[in-house]
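As given, the protein sequences belong to chains A and B, one line each in that order.
Read in my numbering, the first sequence has 284 at position 284, and its numbers run on one by one without any break.
Read in my numbering, the second sequence has 9 at position 9, and its numbers run on one by one without any break.
Note that beta-carbon positions come from the ideal geometry of N, C-alpha and C, so glycine has one too.
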Amino acid sequence: MTAATLASPAPAANTPAPRPWTKKLELVCPAGTPAAMRAAIEAGADSVYCGFADETNARNFPGLNFSPTEMADAIAYAHKRNVKVLVAVNTFPRAGSPGSWHKAIDTIAAAGGDAAIVADIGLLDYACEKHPKLRLHLSVQAAAASADSIRYYVERFGVKRVVLPRVLTVAEIAALNKEIPCETEVFVFGGLCVMAEGRCSLSSYATGCSPNMNGVCSPPSHVAYHQEGGAFSSRLGEFLINKVPAGVPMPYPTLCKGRFTANGETSHIFEDPASLDASLLIPPLAEAGVTALKIEGRQRSRSYTDAVVRALRAAVDAHARGKPIDSRALMSLSEGATTTRGAYQKTWR
Amino acid sequence: MSDDATRPTLTLGTVLFNWPADRLRDFYARIADEAPVERVCVGEAVCSKRLPFYDEVLPDIVERLKASGKTVILSSLMLPTLPRERAMIDGLVATDGVLVEGNDISTFSKLAGKPHAIGPFINVYNEGTLAFLEKQGAVHVALPPEMPLTAMAALAPHAKTATLEAWAFGRAPLAISARCYHARIHGVSKDSCQFVCNQDLDGLPVDTLEGRPFLAVNGVQTLSDAYVNLIGDLRGLCARGIGSFRLSPHTCDMVAVAQAFRDVLDGACDPAEGERRIAALLPQARFANGFVHGKPGHQRIAVAAE
């Protein structure tokens, strides 16, 4: 149950209670650049999320993200089109120099951003003390996977929405929503972390680049491809992540999607190089009380953003009209053309 | 700030692997009698399904450790989601005469307002978070294993009441998931996992396709292949305000590991000799200290004598 429905007065006896699953879901779309943001808005985003071009956000890749000026312009542009802008400041500030993280929060508040997406406790404390009117969303990087954690963030910092870690089943999300006094946002499409986010230092171990500290995971700067004989191999730092026969498509060597050997068997031990597609789960997710659906992919191209947002806009609208969801449009957009419903189904575990 | 403000201390982390009850009882009995560590963590941090196999022996373990003068820390689960997992914290905070270590933020509403410890699975990277947790009652804070020395040095002056701890020995915990990799590798489902993780008392090795050791799987947890070993870095860490060092249990002789760390901290043994003693205890292991040097965690960086 969302905060909004909790706060609603009890319906009069002669008015049927609204069926919660007919409530329209908010589509939260990636905006890696100002151009991608305009594409997402054009394609039907209800909200966009983005970050500043530095270590303060978890997609700190070259050529991505917004300067403070671009952010202010983007917010004005989006607001004119009735679209919300959610700004991720979701890495963990560096000890001794939290200045750029504080400045990021100040900039969002000054520019009228609709929410800051934050993971670090100290930064949440700063934001709610300095900018009590700034709406706070809890980043997936905070890995708040239980009602107890979420209630704590709501009570201590006034968090209004939590982006749920990709470790919960739909049934668990439904149970969770009954216990918490805030909105939930879940990932519906895109890359899939198999580890609890914000609690993973695999990339740090192999490359020295940390999602938590530097906002990068398995960064391209540490990737090398080699062709030897009839085989094509990919490395991350010093470690061989995958090897395929020449001519077979090589997935990007994200550490947890590599092929390794354990117990005498070679396989994708952690996860196949598939991407998440939960579009067919939109009805049960809505029924589970979810407020918003998030599309991963701030690092993806403008044309990808356009296509994915259009397809999911159609899916959300179809659901709202009680029509079946057509997932074919999304199939061709998936990494390696294979998809998974991830942790939303219990068998994934 | 360390417990007596000058003498750095040692904490034995909780056993992360699926050890049988008999082994745990014998292990902690020997730790109680012989290991020169100030604090001993006990309890299941990784998978709640393992607990029924040994929860009967836990009260005796705790009493035995207390009787030997150790500070006992009860470690909470890293990723509680099921109702029975969430209720586990209630049992921990109801235990007298121990300190509870929160390893997930879900424990905070139960821990706030009384002295408690923060485990290495909670993200404490900066002074803002540290100050907030100290106000809430944290007296001991284990820093994330990936944290570099430069960040620890910047953080330490801000610690008012809490002792800061570094991950100093043992495979580095790198990730936690809802998915059980032990079950996946053995081709069984998580719900009927047959407790296959009990076959790997130090974790199941994961190698690259060219046979290079890389990681170790422990049920829902992923650790490094390399054993973190900061015995050569202790003096630099102490000089920068780290007051405690965590030794994570493995099947090697942990009393001897603790003694080597204690001797180096006390100046009774030089760091190079400490390195040799640790290496002799684990002839097959690879060692690493890259994280504290701000390098890839798997690397081993030679430490210049200070």
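Excluding sequence positions up to five away, which residues of its chain have a Cβ less than 7 Å from the Cβ of residue i?
i	result
Gln227(A)	Ala246
Gln199(B)	none
Arg262(B)	Leu10, Pro36
Ala104(A)	Phe52, Thr56, Val89
Ala288(A)	Val170, Ile173, Ala174, Asn177
Where does residue i sit, in a helix, a strand or coil, going by DSSP?
i	result
Gln345(A)	coil
Val15(B)	coil
Phe195(B)	coil
Met71(A)	helix
Asp277(A)	strand
Arg19(A)	Below a pLDDT of 50, predicted positions are generally treated as unreliable, and Arg19(A), at 45, falls in that range; no measurement from the model is reported.
Ala13(A)	Low confidence applies to Ala13(A): its pLDDT is 42, below 50, so where it sits in the model is not reliable enough to give any reading.
Pro93(A)	coil
Val186(A)	strand
Ile282(A)	helix
Phe232(A)	strand
His298(B)	coil
His268(A)	coil
Lys257(A)	helix
Cys193(A)	coil
Lys323(A)	coil
His186(B)	coil
Ala45(B)	coil
Leu330(A)	helix
Val322(B)	Residue 322(B) is absent from the structure shown; chain B starts at 1 and stops at 306.
Glu55(A)	coil
Leu293(A)	strand
Asp207(B)	strand
Can you name the start and end residues of the beta strand (DSSP E) that residue i belongs to?
i	result
Val72(B)	71–75
Gln227(A)	223–228
Tyr49(A)	47–51
Lys243(A)	239–245
Leu138(A)	136–138
Val139(B)	138–142
Leu164(B)	163–176
Glu101(B)	99–102
Between which residues of its own chain and residue i is the CB-CB distance below 6 Å, once the five residues before and five after are set aside?
i	result
Leu330(A)	Asp277, Ser279, Ala311
Cys238(B)	Pro8
Thr22(A)	Here Thr22(A) scores only 48 on pLDDT, less than 50, and its place in the model is too uncertain to base an answer on.
Arg179(B)	none
His131(A)	Ala109
Between the beta-carbon of residue i and the beta-carbon of residue j, is there less than 8 Å?
i	j	result
Pro249(B)	Leu12(B)	yes
Phe92(A)	Ala119(A)	yes
Val170(A)	Leu293(A)	no
Tyr54(B)	Phe270(A)	no
Pro251(A)	Val223(A)	no
Lys160(A)	Glu183(A)	yes
Arg302(A)	Ala74(A)	no
His116(B)	Gly91(B)	no
Val28(A)	Ile241(A)	no
Ser139(A)	Ile117(A)	yes
Thr339(A)	Ala274(A)	yes
Val85(A)	Gly113(A)	yes
Along the alpha helix (DSSP H) that carries residue i, what are the first and last residues, could you check?
i	result
Cys128(A)	121–130
Asn212(A)	211–214
Asn177(A)	170–179
Gln221(B)	Here Gln221(B) belongs to no alpha helix (DSSP H); instead the beta strand (DSSP E) covers 221–229.
Leu65(B)	58–67
Cys238(B)	234–239
Ala87(B)	83–93
Ala145(A)	No alpha helix (DSSP H) holds Ala145(A); DSSP gives it neither H nor E.
Ser102(A)	The sequence given here places His at residue 102(A); Ser does not occur at that position. First-last of the alpha helix (DSSP H) with His102(A): 99–111.
Pro30(A)	That residue, Pro30(A), is in no alpha helix (DSSP H); its beta strand (DSSP E) goes 26–30.
By Cβ distance, which residues of its chain are closer than 8 Å to residue i, with the 5 residues on each side in sequence left out?
i	result
Val83(A)	Ile41, Ala45, Asp46, Ser47, Val48
Ile325(A)	Ser279, Leu280, Ile282, Pro283, Ala315, Ala318, His319
Phe169(B)	Tyr227, Val228, Asn229, Leu230, Ile231, Phe245, Arg246, Leu247, Ser248, Val257, Phe261, Ile278
Ala172(B)	Pro145, Glu146, Leu223, Ser224, Ala226, Val228, Ala288, Phe291, Gly297
Within the present structure, is the beta-carbon of residue i separated from the nearest heavy atom of the ligand MG by less than 7 Å?
i	result
Glu287(A)	Here there are no bound small molecules, and the ligand MG is not part of this structure.
Pairs of beta-carbons, one from the stretch 174–185 of chain A and one from the stretch 154–172 of chain B, closer than 8 Å: are there three or more? no
Taking contact to mean 3 or more Cβ pairs, one atom from each stretch, closer than 8 Å, check whether the stretch 286–305 of chain B and the stretch 201–208 of chain A are in contact. yes
Does the count of Cβ pairs from the stretch 208–219 of chain A and the stretch 53–65 of chain A closer than 8 Å reach three? yes
With three or more C-beta pairs closer than 8 Å as the rule, is the stretch 260–267 of chain A touching the stretch 140–158 of chain A? no
Using 8 Å as the threshold, is the stretch 64–81 of chain B in touch with the stretch 91–110 of chain B, meaning 3 or more CB pairs across them? yes
At a cut of 8 Å, does the stretch 55–70 of chain B reach the stretch 31–47 of chain B through at least three beta carbon pairs? yes
Answer yes if the stretch 284–295 of chain B comes into contact with the stretch 215–230 of chain B, meaning at least three C-beta pairs across the two stretches below 8 Å, and no otherwise. yes
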